[in-house]
Amino acid sequence: MIRTAIIGVSGFANEHYHDLLRETAAGRLQIVAATVINQAEEAEKCARLRGLGCRIFDDYRLMLETLAGQLDLCVIPTGIPLHAPMTLAALTAGSHVLLEKPAAGTIQEVTAMQKAEATAGRFIAVAYQSLYTPEILRMKQAMQDGLIGPVRAIKCRGLWPRPNSYYERNSWAGRLRQHDRWVLDSPFNNGFAHWLNMLCFLAGRDLQGTARPLAIEAELYRARPIESADTACLRIATEEGIPLLLWVSHSCTETEDPILEVRGEGGTLVWTQEGISHHPAGGEAEAWPSHTVAQFRPLMYDAVLRRIAGEDTFLCGLDIAGRQTLCSNGAFESSPIHTIAPGHLTTHGEADPLVAIDDISDICRRAFQSESLWSEMGLPWAKKGRLISLRDYSSFRLAETEPALAAL
2 MIRTAIIGVS
12 GFANEHYHDL
22 LRETAAGRLQ
32 IVAATVINQA
42 EEAEKCARLR
52 GLGCRIFDDY
62 RLMLETLAGQ
72 LDLCVIPTGI
82 PLHAPMTLAA
92 LTAGSHVLLE
102 KPAAGTIQEV
112 TAMQKAEATA
122 GRFIAVAYQS
132 LYTPEILRMK
142 QAMQDGLIGP
152 VRAIKCRGLW
162 PRPNSYYERN
172 SWAGRLRQHD
182 RWVLDSPFNN
192 GFAHWLNMLC
202 FLAGRDLQGT
212 ARPLAIEAEL
222 YRARPIESAD
232 TACLRIATEE
242 GIPLLLWVSH
252 SCTETEDPIL
262 EVRGEGGTLV
272 WTQEGISHHP
282 AGGEAEAWPS
292 HTVAQFRPLM
302 YDAVLRRIAG
312 EDTFLCGLDI
322 AGRQTLCSNG
332 AFESSPIHTI
342 APGHLTTHGE
352 ADPLVAIDDI
362 SDICRRAFQS
372 ESLWSEMGLP
382 WAKKGRLISL
392 RDYSSFRLAE
402 TEPALAAL
């Protein structure tokens, strides 16, 4: 039986809590410990966990010290600034780790985690859940087999409205850093991080490998009084010669779930949450059999648990997830965060206001079609970013280029 611990059961950690209950009911693991800092608030969950024989702690360090050498898996679905220290502590305790995305706030933290992973002889799997579906590998294999000819670009756009309360839900939302740790919370380093990671993965030469980003140009914007960005577009140059583009925003009124397109000379492959489709040039589109979003998480847990049991399953490790962190770091160095003037914004609602950039849906659609950054479209609020080399990038150094942020 796989002995499992979890740090946190609230917020998004609730998803992992229910994942563990599902796998427990299937007889695949035993939840032996949980860290819950808000036990009064989560009394019902704590009671259910205790009923399963789980010990409840109020400090993750005490939990890992107490159970050092006794855990097979530690699930870490916590905030971005806690990913690195908690992962390092879990590895020191001798446990494999399933870590919520993104891998960490900075690339130097990812490097430290990789070194600790090698020393411990354990693995870190990052919860980019869509990468654990077999159709992603089928999509990538089709690209490599030349189904759509030479690939000319991989691009993604998405709009997820977020009211002001989204940025008030915890102490790090919308922040650049918290205390002494970089957070770099933003659409592409949180909610839409899945698709930035997928862009890199699909461009990789090896079927189970990811691309090597060489340079990035980004534009970061905010439509509300937060430290970080709520809207962004990125263009990434890769060693593989395939440009990667992303347009995302939380300052919008309508939900437009991510659409990712691989554009080749002989057609396109399109990924959405409804499935993957092949659009040959001059031919009829073909929908591929695909798993539903509800199946993504069970597939991810299945891969992790089978790997612990000794099978050679595919995992999204730090070698893959770290490239998303690399691109995120480069994006924040490429562009300051520009505050969009009120004249280009509309506020919706009163109790929990939502600020939206005027015409952002149409702007994203046009940018997606033309593969343009917003500053290249003549938008009055858009400002061009710097081209940042990622070739030998090993440490996030925003404080050196933006002294005003050093004290944040």
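Under this note's numbering, residues 2 to 409 are what the sequence shown spells out, in order. Ideal Cβ placement from N, Cα and C applies to all residues, glycine included. Just so it is clear, the structure is predicted and the values come from calculations on it, not from any experiment.
Whole-Å CB distance - residue i paired with residue j, under 8 angstroms assumed
i, j, result
"isoleucine 108", "tyrosine 394", "7 angstroms"
"alanine 233", "phenylalanine 189", "6 angstroms"
"isoleucine 217", "glycine 331", "4 angstroms"
"valine 294", "glutamine 274", "5 angstroms"
"isoleucine 338", "tyrosine 167", "About 17 angstroms separates the two Cβ atoms, so there is no contact after all."
"alanine 128", "leucine 100", "7 angstroms"
"tyrosine 194", "glycine 386", "Sequence inspection shows alanine at residue 194; the tyrosine mentioned does not correspond to that position. Actually they are not in contact, since the Cβ atoms of alanine 194 and glycine 386 sit about 19 angstroms apart, beyond 8 angstroms."
"alanine 286", "histidine 280", "5 angstroms"
"glutamine 179", "proline 78", "Contact doesn't hold; Cβ gap of about 17 angstroms is too wide."
"glycine 159", "aspartate 258", "6 angstroms"
"leucine 246", "leucine 235", "7 angstroms"
"tryptophan 382", "histidine 345", "5 angstroms"
"proline 343", "histidine 251", "17 angstroms between Cβ atoms; not a contact."
"serine 376", "lysine 384", "6 angstroms"
"isoleucine 277", "methionine 140", "5 angstroms"
Continuous alpha helix (DSSP H) stretch holding residue i: start and end
i, result
"tyrosine 302", "294-309"
"alanine 117", "108-121"
"glycine 331", "319-335"
"leucine 92", "84-93"
"cysteine 253", "Neither: cysteine 253 is in no alpha helix (DSSP H) and is coded neither H nor E."
"glutamate 45", "44-52"
Terminal residues of the beta strand (DSSP E) in which residue i lies
i, result
"glycine 268", "268-273"
"cysteine 75", "74-77"
"threonine 314", "Here threonine 314 belongs to no beta strand (DSSP E), and DSSP marks it neither H nor E."
"glycine 276", "276-281"
"alanine 6", "3-8"
"glycine 265", "257-265"
Proximity to residue i [Cα-Cα], best of the options
i, options, result
"valine 76", "Glu312, Asn39, Thr293 and Ala126", "Ala126"
"alanine 85", "Val98, Asp73 and Ala105", "Ala105"
"threonine 134", "Ser373, Ile227, Asp303 and Ala322", "Asp303"
"threonine 5", "Met64, Val111 and Ser11", "Met64"
"asparagine 165", "Pro381, Glu377 and Leu355", "Leu355"
"valine 184", "Ala174, Gly192 and Phe193", "Ala174"
"aspartate 353", "Ala143, Arg225 and His195", "Arg225"
"alanine 230", "Gln142, Lys46, Thr269 and Glu334", "Glu334"
"glycine 265", "Gln145, Arg178, Ala119 and Ile137", "Gln145"
"tryptophan 196", "Trp272, Met140 and Glu110", "Trp272"
"glycine 52", "Ala35, Leu246 and Ser187", "Ala35"
"arginine 324", "Met199, His279, Gln370 and Gly276", "Met199"
"glycine 311", "Gly9, Asp73, Val10 and Ala41", "Asp73"
"methionine 2", "His345, Lys385 and Ile309", "Ile309"
"glutamate 66", "Leu92, Leu208 and Asp181", "Leu92"
"arginine 29", "Asn15, Arg176 and Arg307", "Arg307"
"isoleucine 321", "Gly283, Gln115, His345 and Glu262", "Gln115"
"glycine 210", "Glu118, Gly318 and Met301", "Gly318"
"proline 1", "Leu22, Ala14, Arg392 and Arg158", "Absent from the structure is residue 1, since the part of the chain shown begins at 2 and ends at 409."
"isoleucine 361", "Thr256, Gly267 and Ser390", "Thr256"
"phenylalanine 315", "Trp382, Arg398, His17 and Ile137", "Ile137"
"glycine 284", "Pro290, His19 and Leu270", "Leu270"
"valine 263", "Trp382, Ile243, His251 and Ser252", "Ile243"
"glutamine 130", "Ser250, His17, Glu351 and Ile57", "His17"
"glutamate 372", "Cys157, Thr326 and Leu177", "Cys157"
"isoleucine 149", "Ala282, Ala113 and Ile389", "Ala282"
"glutamate 43", "Arg153, Ser96, His19 and Ser11", "Ser11"
"isoleucine 227", "Leu22, Thr340 and Ile38", "Thr340"
DSSP bridge partner residues for residue i (one or two, in chain order)
i, result
"leucine 138", "According to DSSP, leucine 138 bridges with nothing at all."
"histidine 17", "BP columns for histidine 17 are empty, so no partner."
"glutamine 145", "Note: glutamine 145 sits in no beta bridge, so no partner."
"phenylalanine 58", "Thr36"
"leucine 247", "Cys157 and Leu235"
"glutamate 287", "His279"
"isoleucine 423", "Lying outside 2 to 409, the shown extent of the chain, residue 423 is not represented and no answer is given."
"isoleucine 411", "Residue 411 falls outside the range modelled here, since the chain spans only 2 to 409, and no answer is possible."
"leucine 30", "Ile3"
### Task
Just list the beta strand (DSSP E) runs in the stretch 341-394, keeping only unbroken ones of 3 residues or longer that don't cross its boundaries, in chain order.
Counting whole runs of 3 or more residues, the stretch 341-394 contains the beta strand (DSSP E) stretches 346-349, 355-358 and 388-390.
### Task
Output the residue ranges of the beta strand (DSSP E) runs that lie fully inside the stretch 200-236 and measure 3 residues or longer, sorted by chain position.
As summarised for the stretch 200-236, the continuous beta strand (DSSP E) elements at least 3 residues long and confined to that stretch are 214-223, given in chain order.
### Query
Taking only runs of the alpha helix (DSSP H) that begin and end inside the stretch 154-188, which ones reach a length of at least 4 residues, in chain order?
Whole alpha helix (DSSP H) segments, 4+ residues: zero.
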